[in-house]
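>
Numbering (my numbering), first residue to last: 149 to 295.
As structure tokens, then:
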């Protein structure tokens, strides 16, 4: 399939920065990440129950998943909640969403987690779509951003 050319304005594509997450959500996340096993799992669930659009919470739930299907599901929720948040912040399906802005990291982390988990469950086309999307959103994307 041929791709349509991208026409840039003199200033380039627009850039979207998500609105900040609730500070209490980050405090709770830091506490949860100090836990192990089922305690961490339960703490992450409680965070997401309280702040269901907390993108880094979904990404960390994916990172702490008990199996690949659970990881895939959590990352996918973070990705879709992130698309909703992007649209709420003026994104119209194109333009940059860069890692350099802390506010965008939960979304990009979820998208990269979806890429990784899709590859691990044999969804090669989904993994490639995610990889391509990451580079469209942030041409300087580096998978080592996710630690």
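Think of the CB as a built atom: it goes at the ideal place given N, C-alpha and C, for glycine as much as any other residue.
1. Whose CA, out of 162, 199 and 222, lies closest to the CA of residue 176?
2. Per DSSP, what kind of secondary structure is residue 169 in: helix, strand or coil?
3. Near residue 229, which residues of its chain fall below 7 Å by C-beta distance, leaving aside the five closest residues on each side in sequence?
4. Return the Cβ separation of residue 161 and residue 220 in integer angstroms, given the expectation that the two are a contact with Cβ distance under 8 Å.
5. Considering only the beta carbon of each residue, do residue 192 and residue 180 sit closer than 8 Å?
6. Quick one: what does DSSP say residue 302 is sitting in, helix, strand or coil?
7. Using a Cβ-Cβ cutoff of less than 8 Å, which residues in the same chain neighbour residue 281 once the five nearest sequence positions on both sides are dropped?
This is what the structure holds:
1. As a first step, residue 176 must be located in the chain shown, where it is residue number 28. Ranking 162, 199 and 222 by Cα distance to residue 176 puts 199 first.
2. By 1-based counting over the chain shown, the position of residue 169 is 21. Looking at residue 169 - three-state DSSP - the assignment turns out to be coil, as it is neither helix nor strand.
3. Translated into positions along the chain shown, residue 229 becomes position 81. Non-local C-beta neighbours of residue 229 in its own chain, meaning closer than 7 Å and more than five positions away in sequence, comprise 201, 203 and 206, ordered along the chain.
4. Translated into positions along the chain shown, residue 161 becomes position 13. Translated into positions along the chain shown, residue 220 becomes position 72. With a Cβ gap of about 29 Å, residue 161 and residue 220 do not count as contacting.
5. Translated into positions along the chain shown, residue 192 becomes position 44. Translated into positions along the chain shown, residue 180 becomes position 32. Contact: yes.
6. Past the boundaries of the shown model lies residue 302; the chain is included only from 149 to 295, so the question cannot be answered.
7. Sequence index remark: in the chain shown, residue 281 carries index 133 (1-based). Around residue 281: 259.
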